[in-house]
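Chains as they are written, first to last, in this note's numbering: chain A, 738 to 851; chain B, 2 to 112.
Just so you know, even glycine gets a beta-carbon here, dropped at the ideal spot from N, CA and C.
What you are looking at is a predicted structure, and each value in this text was computed from that prediction instead of being measured.
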Amino acid sequence: DTGVSQDPRHKITKRGQNVTFRCDPISEHNRLYWYRQTLGQGPEFLTYFQNEAQLEKSRLLSDRFSAERPKGSFSTLEIQRTEQGDSAMYLCASNPGGGDNEQYFGPGTRLTVT
Amino acid sequence: AQSVSQHNHHVILSEAASLELGCNYSYGGTVNLFWYVQYPGQHLQLLLKYFSGDPLVKGIKGFEAEFIKSKFSFNLRKPSVQWSDTAEYFCAVTVTDKLIFGTGTRLQVFP
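So, in structure tokens, the structure goes:
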């Protein structure tokens, strides 16, 4: 399968713990996006990368959230000191860039903070 | 701020009924428009997209959508739904390289 992959698919953590999610985009896709989706809502943009450069961050991305894409391939999203309000589906998407705006989504990581 | 509105939150239809899901966006510039679908237990998949040209776009599985610039709308249609169309449908617009999604419409189709 050559689609976007995310790991883990599910994560249950206790409040106050740190968690890290990984996203592997489609090979040679320059752009990588993170979104968050809560129940009954559409995905909300968090941040995106062009190669290894983080080009935009949403105001939703508090200082407890950090994302990296160190070599321009896979990306990680870390949440420090998790709160119950962080419980959501975290989605990753990629696209080749160069004017093609279609984004290809991964299966998501479902985070539950207890 | 840019936004996308989907007026129908939950739609229930019988098989073979016609479907129209509304989508309006608020953004004055050039837009790229999308409909994504999320089948139960699966990830978001692209149904169709509009970048430019013919405002009537056809997607997969018999879906189509019409871009009406004057109404800032991009409604999704299908003449005859099937049970397998049961899913959540999201309208989205690209604004400065990121997608802005509507809240989604849950479609249930009964045999």
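Compare the C-beta of A:PRO780 against all C-beta atoms of chain B and say whether one is closer than 8 Å.
yes
Starting from A:PHE747 and walking both ways along the beta strand (DSSP E), at which residues does that stretch end?
Per the sequence presented here, residue 747 of chain A reads as His, with Phe not at that position. Taken as a continuous stretch (DSSP letters only), the beta strand (DSSP E) holding A:HIS747 covers 747 to 750.
Taking C-beta pairs closer than 8 Å, name the residues in chain B that A:TYR827 reaches, listed in chain order.
Neighbours of A:TYR827 on chain B: none; closest Cβ ~12 Å, over 8 Å.
Please state if the CB of B:GLU16 and the CB of B:VAL110 are separated by a distance shorter than 8 Å.
Yes; because the gap between Cβ atoms is below 8 Å, this pair is in contact.
Measuring only between beta-carbons, confirm whether B:THR104 sits less than 8 Å from chain A.
Yes, because at least one Cβ of chain A sits closer than 8 Å to the Cβ of B:THR104.
Which chain A residues are close to B:LEU22, counting only those with a beta carbon under 9 Å from its beta carbon?
Those within 9 Å of B:LEU22 in chain A number zero; the least Cβ separation is about 13 Å.
DSSP three-state call for A:ILE816: helix, strand or coil?
Here A:ILE816 sits in strand by DSSP.
Decide yes or no for the touch test of the stretch 776 to 792 of chain A against the stretch 47 to 54 of chain B: beta carbon pairs closer than 8 Å, at least 3 of them.
no
Consult DSSP for B:LYS70 and reduce its assignment to one of helix, strand or coil.
helix
If we ignore side chains and look at the alpha-carbon of each, how far apart do A:PHE786 and A:THR813 end up?
11 Å
From A:ARG746, A:HIS766 and A:GLU765, pick the residue whose C-alpha is nearest to that of A:PHE758; which is it?
A:ARG746
Which first and last residues belong to the beta strand (DSSP E) in which A:GLN787 is found?
781 to 787
So the candidates are A:GLY753, A:CYS760, A:ALA804 and A:ASN767; which of them puts its Cα closest to the Cα of A:ASP823?
A:GLY753
Counting only runs of 3+ residues fully inside the stretch 34 to 73 of chain B, write out the beta strand (DSSP E) ranges in chain order.
46 to 51, 57 to 59 and 65 to 69
Could you check how far apart the C-beta atoms of B:LEU34 and B:PHE75 are, in whole angstroms? I think they sit under 8 Å.
Indeed they touch by this definition, with Cβ atoms about 4 Å apart.
Identify the continuous beta strand (DSSP E) that holds A:SER831 and give its terminal residues.
825 to 832
Quick one: what does DSSP say A:GLN821 is sitting in, helix, strand or coil?
helix
Taking CB distances under 8 Å as the criterion, tell me whether B:LYS50 reaches chain A.
yes
Buried or exposed: where does B:PRO80 fall if 16 or more other Cβ atoms within 10 Å of its Cβ makes it buried?
With fewer than 16 other Cβ atoms within 10 Å, it is exposed.
Counting only the same chain and skipping the five closest in sequence on each side, list residues whose C-beta sits under 6 Å from that of B:ARG107.
HIS11 and GLU89
What are the boundary residues of the beta strand (DSSP E) that A:GLN754 is part of?
Taken as a continuous stretch (DSSP letters only), A:GLN754 belongs to no beta strand (DSSP E), as it is neither H nor E.
Given a threshold of 16 other Cβ atoms within 10 Å of its Cβ, counted over all protein chains shown, does A:ASP800 qualify as buried or as exposed?
Counting C-beta atoms within 10 angstroms of its own C-beta, A:ASP800 has fewer than 16 neighbours from the protein chains shown and is therefore classed as exposed.
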